[in-house]
Structure formats: C-alpha cells, structure tokens
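Comments concern the structure below.
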Amino acid sequence: MPELPEVESVRKSLEISLEDVGLARIDSLFPGVLTFCPTLAEARLPAKFLGADRRGKMLALRFQGEQTLLVHLRMTGRLYFPNAEAPLLPHTHVLLHLDDQRTLAFCDPRRFGRLVWHVGTPFDRIPELNRLGPDALSLSSKVFFQLLKPRNRMIKPLLLDQIVLSGLGNIYVDESLFRAGIHPKQISADLSRKRIDLLWESVMEVLQKAIENGGSTIRDFVGFSGEAGNYQKHHSVYGRAGLECVKCGGTLRRTLVAQRGTTYCPHCQRMRYRRTKGKAIRGRRVETSP
DNA sequence: TCTAACCTGATC
DNA sequence: GATCAGGTTAGA
27 MPELPEVESV RKSLEISLED VGLARIDSLF PGVLTFCPTL AEARLPAKFL GADRRGKMLA
87 LRFQGEQTLL VHLRMTGRLY FPNAEAPLLP HTHVLLHLDD QRTLAFCDPR RFGRLVWHVG
147 TPFDRIPELN RLGPDALSLS SKVFFQLLKP RNRMIKPLLL DQIVLSGLGN IYVDESLFRA
207 GIHPKQISAD LSRKRIDLLW ESVMEVLQKA IENGGSTIRD FVGFSGEAGN YQKHHSVYGR
267 AGLECVKCGG TLRRTLVAQR GTTYCPHCQR MRYRRTKGKA IRGRRVETSP
C-alpha cells in the first residue's frame, strides 16, 4: 500500500527511465481509471517528458505542451514496463506508448488508483495538487507545529488527512506515533510544543529511513522494477500486534482509531492532557512532562 | 465525526 | 463463504 516513501521510490525510478523520452500515444483499457482534463481531443501528442514530481502520495509526470499526468496508486496501483519476458500483467488498465518502442503500463487489481491527463493547466494550478496539504517530507518543524496545535482532533486521523498534511498513510502514522510516544487518540491541541517537535522528528526519521530502504512491502507494493521494499523489516508496531514492544517489552495492542486498524504500545504511548490554570480540563489528568 | 462505497486477493 | 486489508471521497 503505497504511501509517501513508496511513491518517492517510484518517482525516482521514473525520472531516470523516462529521461529524454517522448510520449506518443495513450491507450485506456478500462473505463474510469484514466480521465482527461479537459478532453482526450485536446491532448497534444507526442510530447517530450520533462520530469517527475511528487506531492504526498500523488505522482505528477510533466510533459511538453503544459501537460501533466497525475498518478495516484491508492492501494494496489503499480507502474511497470512490460517486455518480451514479462508481458502485460492482469488488471493492466492504461498503456503509455513511448517513442523509444517501450510502453509504460499501469495495473491495479482493485481499480482504486486514478490517472488524470491535464492539458493546458499550468503545473502550479492543478487542483488535485493544490488541494493537498504540504508534503510531509518537506515541512519545517515550525509549520508542522502550526498545523497541529490549533486542531482539536485526534492525532492519528489528523495526520492521515491529506488536506492537512500529505503523504502519510496508516503504516507511517503508526510508526511515527510510536517513535514519538504519542497515543493515536491523543487530541492534537493537547500536545506540548516539545512533543510536537518530537513527533516531527519522528515523522522525518521514519520517512527517510523508509525511502532509504525502498519503502515497505506488506502485500502489494513492489518497486518500479518489481523489487520489494525492505522497510517492513524495520517496523516497530505496524503488523506487530500481540508481539513485544521493542522499547518496553510489553505487548503491542491493536485497536480501531477512526475506522483504521491501529497498532500501538499502551505503555509507551499514553494519553496526556492539557493543563489550564492549574486544573485538568474536563476532569482529565494533567500532562506529565514528556 | 462516522459510515458506506469503491474493489480484489489473501486468509481464516 | 465470510472477513479483512486500506486511500479517498461522498454523504448522513
């Protein structure tokens, strides 16, 4: 299930393998997966590849003629180069024919993934990109604090909200919260500056480590050339419910937070409460120093 | 804030 | 044969 590190790994590979290539033709094999904005007739092909960008989990391939292909892999989407040895995979829905005889294919068994071909929209005015919050990887601790502090929401769903902050999914939110020692149901506004800074550091470390390891492979994700990621070996909590906490040796617990499967350590990630004029809010306990 | 919907494949 | 997995959106 691709999150920021997995998408970044795909982006890097594409930037290299599409260098100096042109896109000649697009074939849609299944309706609804690829859409055109405004229409297919407006597409200006062939078009030279200019570069691959990413915002959160959204991949943006830029082409000549003010054209951009947005790719969201969602849960099971995958880009690959079919060839004589490895023909089209089942559930291949879109083919991008390049001018060097290669084809870049998009397959997605569950068909959650989406591709949008934008024509004539300046890159910085693409609505799907602009509606996303700042990218989780290129965000200062100050901005991170400003995003979290005023919100009266549980921290896990807040971090998963792509409008607030883009790139984090279930795996990396659980990992980051564990590393920072924060309970997934902790109300964001109740977190101290110190703890939000610690969470920011945790997010950075977790994402960078994951990128270095080529992402996590749980069920579906394979890198661009079909290789599996390695980061799942470093997971402290995700997929480890019932196992020993690597910090305290206690048992990791699985629960639902905002309808999402959540694994955490009840001992290392305790709820903390805000102090106002010496009193705990609504009878809650007072925050202990981090 | 919550639920359902979108989907298939893996697993129980 | 039922359940679960999870990113995102729409709608209550």
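Mapping to our numbering: the first sequence position 3 is 29, numbers consecutive.
Even for Gly, the Cβ is constructed at its ideal location relative to N, Cα and C.
Could you check where the beta strand (DSSP E) with residue i kicks off and where it finishes?
i      : result
Leu85  : 84-89
Lys74  : 73-81
Asp53  : 48-54
Leu30  : It is not in any beta strand (DSSP E) - Leu30 instead sits in the alpha helix (DSSP H) that spans 30-43.
Phe62  : 60-63
Phe132 : 129-133
Val97  : 93-98
Thr118 : 118-124
Val142 : 140-145
Thr281 : 279-283
Arg104 : 104-106
Tyr299 : Segment: none, Tyr299 is in no beta strand (DSSP E) and carries neither H nor E.
Gly287 : 286-290
Excluding the 5 residues flanking residue i on each side, which residues of the same chain have their C-beta closer than 6 Å to its C-beta?
i      : result
Leu269 : Leu278
Ala284 : Pro183
Lys303 : With a pLDDT of only 48 at Lys303, under the threshold of 50, the placement of this residue in the model should not be trusted, and no figure is reported.
Phe138 : Arg100, Met101
Leu174 : Ser214, Ile222
Among the residues of its own chain, which have a CB less than 8 Å from the CB of residue i, if the five just before and after it don't count?
i      : result
His261 : Ile197, Glu201, Ser242
Arg37  : Ala78, Asp79, Arg80, Leu85
Arg205 : Ser228, Glu231, Val232, Ser262
Just how far apart, CA to CA, sit residue i and residue j?
i      : j      : result
Gly207 : Leu60  : 41 Å
Met180 : His209 : 9 Å
Pro316 : Leu114 : Residue confidence for Pro316 is low, a pLDDT of 38 falling below 50, so the modelled location carries little weight and cannot support an answer.
Glu32  : Lys259 : 15 Å
Lys273 : Asn156 : 39 Å
Val120 : Phe170 : 37 Å
Met230 : Leu163 : 6 Å
Leu40  : Tyr264 : 28 Å
Leu46  : Phe89  : Reading the sequence as shown, one finds Asp at residue 46 and not Leu. Answer to the nearest angstrom: the Cα atoms are 11 Å apart.
Take residue i and list the residues in its own chain whose beta-carbon comes closer than 7 Å to its own, dropping the five residues that flank it on each side.
i     : result
Pro72 : Gly48, Leu49, Ala50, Asp125
*Contact between the region 230-240 and the region 66-76: three or more CB pairs below 8 Å?*
Short answer: they don't touch.
_alpha helix (DSSP H) segments (min. 4 residues) lying fully within the region 157-242_ = Listed in chain order, they are 167-174, 181-186, 196-206, 219-238.
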